[in-house]
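**Q**
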Amino acid sequence: MSAAPYAVERIWDWLGGVPDPEIPVLSLVDLGVIRDVAWDGDTLVVTVTPTYSGCPATRVINQDIEQALRARGVEKLRLERRLSPPWTTDWISREGRDKLREYGIAPPAEAGRAVACPRCGSTRSEKISQFGSTPCKAQFRCRDCLEPFDHFKCI
Amino acid sequence: MSALFEFLLRMGDTTLILGHRLSEWCGHAPVLEEDIALANIALDLIGQTQLWLGLAGEVEGRGRTADNLAYLRDAAEFRNALIVERPNGDFGMTLMRQFLFDAWHVQQLKALTASSDARVAEIAAKALKEATYHLERSSDLVIRLGDGTDESHRRMQAALDELWPYAGELFLDDATDRALAQSGVAPPPSSLRARWDAIVQPALAQATLKPPESRFAHKGGRRGVHTEHLGYILAQMQFLQRAYPNAVW
Numbered sequence: 004m005s006a007a008p009y010a011v012e013r014i015w016d017w018l019g020g021v022p023d024p025e026i027p028v029l030s031l032v033d034l035g036v037i038r039d040v041a042w043d044g045d046t047l048v049v050t051v052t053p054t055y056s057g058c059p060a061t062r063v064i065n066q067d068i069e070q071a072l073r074a075r076g077v078e079k080l081r082l083e084r085r086l087s088p089p090w091t092t093d094w095i096s097r098e099g100r101d102k103l104r105e106y107g108i109a110p111p112a113e114a115g116r117a118v119a120c121p122r123c124g125s126t127r128s129e130k131i132s133q134f135g136s137t138p139c140k141a142q143f144r145c146r147d148c149l150e151p152f153d154h155f156k157c158i
Numbered sequence: 018m019s020a021l022f023e024f025l026l027r028m029g030d031t032t033l034i035l036g037h038r039l040s041e042w043c044g045h046a047p048v049l050e051e052d053i054a055l056a057n058i059a060l061d062l063i064g065q066t067q068l069w070l071g072l073a074g075e076v077e078g079r080g081r082t083a084d085n086l087a088y089l090r091d092a093a094e095f096r097n098a099l100i101v102e103r104p105n106g107d108f109g110m111t112l113m114r115q116f117l118f119d120a121w122h123v124q125q126l127k128a129l130t131a132s133s134d135a136r137v138a139e140i141a142a143k144a145l146k147e148a149t150y151h152l153e154r155s156s157d158l159v160i161r162l163g164d165g166t167d168e169s170h171r172r173m174q175a176a177l178d179e180l181w182p183y184a185g186e187l188f189l190d191d192a193t194d195r196a197l198a199q200s201g202v203a204p205p206p207s208s209l210r211a212r213w214d215a216i217v218q219p220a221l222a223q224a225t226l227k228p229p230e231s232r233f234a235h236k237g238g239r240r241g242v243h244t245e246h247l248g249y250i251l252a253q254m255q256f257l258q259r260a261y262p263n264a265v266w
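Those sequence lines, one after another, are chains L and E.
The working numbering puts the first residue of the first sequence at 4, with every later residue one more than the last.
The working numbering puts the first residue of the second sequence at 18, with every later residue one more than the last.
(1) Taking a Cβ distance cut-off of 9 Å, strictly less, list which residues of the segment 57-86 of chain E are near chain L, in chain order.
(2) Going by the CB atoms, is the gap between Thr92 (chain L) and Phe134 (chain L) shorter than 8 Å?
(3) In angstroms, rounded to a whole number, what distance separates the CA positions of Ala260 (chain E) and Asp16 (chain L)?
(4) Are the C-beta of Ile131 (chain L) and some C-beta of chain E separated by less than 8 Å?
(5) Taking Cβ-Cβ distances shorter than 7 Å, what residues in chain L pair up with Arg154 (chain E)?
(6) By Cβ distance, which residues of its chain are closer than 8 Å to Cys148 (chain L), with the 5 residues on each side in sequence left out?
(7) Check for me: the alpha helix (DSSP H) holding Ser156 (chain E) runs from which residue to which?
(8) What first and last residue would you give for the alpha helix (DSSP H) that runs through Pro182 (chain E)?
(9) In the DSSP output, which residue or residues are listed as bridge partners for Trp42 (chain L)?
(10) Please state the DSSP three-state secondary structure of Phe143 (chain L).
(11) Ala59 (chain E) by DSSP, collapsed to three states: which one?
(12) Does Ile158 (chain L) come within less than 8 Å of chain E when only Cβ atoms are used?
(13) Using a beta-carbon distance cut-off of less than 8 Å, what residues from the segment 38-70 of chain L approach chain E?
(14) Going straight from the alpha carbon of Ala54 (chain E) to that of Lys140 (chain L), what length do you get?
(15) Closer than 7 Å, Cβ to any Cβ of chain L: which residues of the segment 22-55 of chain E, in chain order?
(16) Using C-beta distances below 6 Å, list every residue in its chain close to Pro89 (chain L), excluding the 5 sequence neighbours before and after it, in chain order.
(17) Between which two residues does the beta strand (DSSP E) carrying Pro110 (chain L) extend?
(18) Work out the CA separation of Val40 (chain L) and Asp47 (chain L) for me, nearest whole Å.
(19) Strictly under 8 Å for the Cβ-Cβ distance: is Pro138 (chain L) near chain E by that measure?
(20) Name the chain E residues that come within less than 7 Å of Pro89 (chain L), Cβ to Cβ?
(21) With DSSP as the reference, label Ile34 (chain E) as helix, strand or coil.
(22) Which stretch, first to last residue, makes up the alpha helix (DSSP H) that contains Leu112 (chain E)?
(23) Hey, does Leu86 (chain L) have any beta-carbon neighbour from chain E nearer than 8 Å?
(24) Starting from the beta carbon of Tyr150 (chain E), find every residue of chain L whose beta carbon is closer than 8 Å, and list them in chain order.
(25) Using 8 Å as the Cβ pair cut-off and three pairs as the minimum, do the segment 245-258 of chain E and the segment 69-89 of chain E touch?
(26) Kindly indicate which three-state DSSP category His154 (chain L) falls into: helix, strand or coil?
(27) Do Lys102 (chain L) and Asp33 (chain L) have their C-beta atoms within less than 8 Å of each other?
(28) Should Glu139 (chain E) be flagged as near chain L, meaning a C-beta pair shorter than 8 Å?
(29) Closest by CA to Asn97 (chain E), which one among E:Arg154, E:Leu33 and E:Leu39?
(30) Hey, which unbroken runs of the beta strand (DSSP E) at 3 residues or more fall wholly within the segment 81-140 of chain L?
(31) Give the straight-line distance between the Cα atoms of Pro110 (chain L) and Val118 (chain L), rounded to the nearest whole angstrom.
(32) Within 10 angstroms of the Cβ of His122 (chain E), are there 16 or more other Cβ atoms? Answer buried if so, exposed if not.
(33) Using only the alpha-carbon positions, how far apart do Met4 (chain L) and Trp42 (chain L) sit?
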C-alpha cells in the first residue's frame with residue numbers, strides 16, 4: 004500500500020474553495036455537504052450527503068468535487084453518498100451564514116426566532132411562499148424596507 | 018417477488034406518479050409562487066423516487082436501475098396507490114389530493130424511520146423532512162381555500178367528495194403488508210389510519226369542509242390494477258426511453 008499523497012487537511016482546504024453551484028457564495032464545506040474525507044490505501048474517498056433528495060445540484064456538486072481534486076493532482080478518487088444522518092441546515096458553518104447574509108439571502112433562522120431581513124436587519128418579515136428559486140429557499144418580504152428576499156429554510 | 022422489493026415499488030411508484038402529476042402544473046399554476054411550489058414538491062418526490070427505486074433495483078439483484086424501473090415497466094407492473102394517478106383537475110383538486118397524500122406520507126415515513134431495514138430507515142428519515150414541509154403547506158392552503166370564498170369553498174368540497182374514496186386504499190393491509198409488518202420493515206397500513214384521521218379531520222373541520230361518511234375505498238393500485246389514467250401518464254413519461262431505447266444525456 005502506497006502512502007497517501009496529500010494530507011487530509013489539505014483536501015479539506017481545497018474543497019473549501021469549491022463553490023456550491025446554485026449559491027456560489029457558499030463553498031461545499033460551508034454548506035456542510037462534505038461529510039468525510041479519508042484515504043483508502045491510495046484512493047481518496049470523499050463522502051457527500053445531498054441537501055434535498057431531488058436537488059438537481061447534487062450531480063453538479065459531485066462533478067465539481069471531482070474536477071477540483073483532479074486539477075490538484077488527485078489521481079484515484081471515489082465519491083460516496085451518505086444519507087444518514089440526513090443533512091440539516093445546522094451544518095452550515097458560521098462563516099457560511101455570514102456569507103449568505105452579505106449575499107442577500109437570510110440564513111436559516113434559529114428555532115423560534117424571526118427571520119431577519121438581510122438588507123436592513125429588521126425582524127418584521129413575512130413569508131410570501133414556502134418555496135423559492137431552489138429547493139433550499141423560501142420567499143420572504145421585509146415589512147420595514149419592503150424588499151422581497153430569499154430565506155434559506157431550516158430543515 | 019420478495020415482499021421487500023414489492024414494498025419499495027409501492028413507495029417509489031407512488032412518489033414517482035405524484036411527482037409526475039405535479040410536474041404537469043409547471044408553467045400553468047394560478048400564481049408564480051404556487052407554480053414554483055408545485056415544481057419544487059415534484060422535485061422532492063422524484064428525488065425520493067430515485068432512492069426508493071434505486072434500492073428496489075439493488076434488492077432485486079437483477080441489475081435494474083431506478084431509471085430502468087421507472088421507464089421500462091408497463092402499467093400492470095406499477096404499484097402506486099390509485100389516488101396519485103387521479104387527474105390534476107383544478108388547483109383545488111390538486112391541493113386536496115396533495116393534502117390527503119401528505120398526511121399519509123408523513124405518518125408512513127415517521128413509522129419507517131424505525132424500520133428493521135437500515136436502508137429503508139435512512140431513506141425515510143431523509144424524505145420525512147421534505148414531507149413535513151409539504152404537509153405544512155398543503156394543510157395551510159386547504160384551510161385557507163376551504164374557509165375562503167363561496168367559489169373556493171365549493172371547489173374544495175367537490176375535490177374532497179371526489180378524492181375521499183381514493184384515500185382509503187392507503188390503509189388496506191394485504192399479505193405483503195403482513196409479511197413486512199412481521200419482519201419489522203414497515204408498519205401495517207391500517208395502523209396509520211387513526212394518526213391520519215388525527216391530522217386530516219381537524220384540518221377539514223377548520224376548513225369548513227365535510228368529508229363523506231362512506232368509507233368505501235377504490236383499490237387495486239398496490240397490486241397493479243390501475244385506472245385508465247396511469248396508461249396516459251406512462252405514455253408521456255416513458256415516451257423517450259421507448260422511442261429511443263437507452264438514450265442518455
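We treat Cβ as the ideally placed atom computed from N, Cα and C, and that holds for glycine.
**A** In this structure, then:
(1) Asn57, Ile58, Ala59, Leu60, Asp61, Leu62, Ile63, Gly64, Gln65, Thr66, Gln67 and Leu68
(2) no
(3) 47 Å
(4) Yes, Ile131 (chain L) lies at the interface with chain E (some Cβ there is under 8 Å from its Cβ).
(5) Within chain L, the C-beta atoms nearer than 7 Å to that of Arg154 (chain E) come from Gln133, in chain order.
(6) Excluding residues within five positions, the ones whose Cβ falls inside 8 Å are Cys120, Arg122, Cys123 and Ser125.
(7) That run of the alpha helix (DSSP H) goes Ala135 to Gly163.
(8) Asp167 to Ala184
(9) L:Leu47
(10) strand
(11) helix
(12) yes
(13) Pro53, Tyr55, Ser56, Gly57, Cys58 and Pro59
(14) 11 Å
(15) Glu50, Ile53 and Ala54
(16) none
(17) Neither: Pro110 (chain L) is in no beta strand (DSSP E) and is coded neither H nor E.
(18) Looking at the sequence provided, one finds Leu at residue 47 (chain L) rather than Asp. Taking the straight line joining both Cα atoms gives about 7 Å.
(19) yes
(20) Ala142, Lys143 and Lys146
(21) Helix at Ile34 (chain E).
(22) Phe108 to Leu129
(23) yes
(24) Gln133, Lys156 and Ile158
(25) yes
(26) strand
(27) With respect to Asp33 (chain L), Lys102 (chain L) sits close: the two C-beta atoms are nearer than 8 Å.
(28) Cβ-Cβ to chain L under 8 Å: yes for Glu139 (chain E).
(29) Nearest in C-alpha terms to Asn97 (chain E), of all of E:Arg154, E:Leu33 and E:Leu39, is E:Leu33.
(30) 128-132
(31) 8 Å
(32) buried
(33) The predicted position of Met4 (chain L) is uncertain, since its pLDDT is 49 and thus under 50; a value taken from the coordinates is nonetheless stated next. Taking the straight line from one Cα to the other gives about 11 Å.
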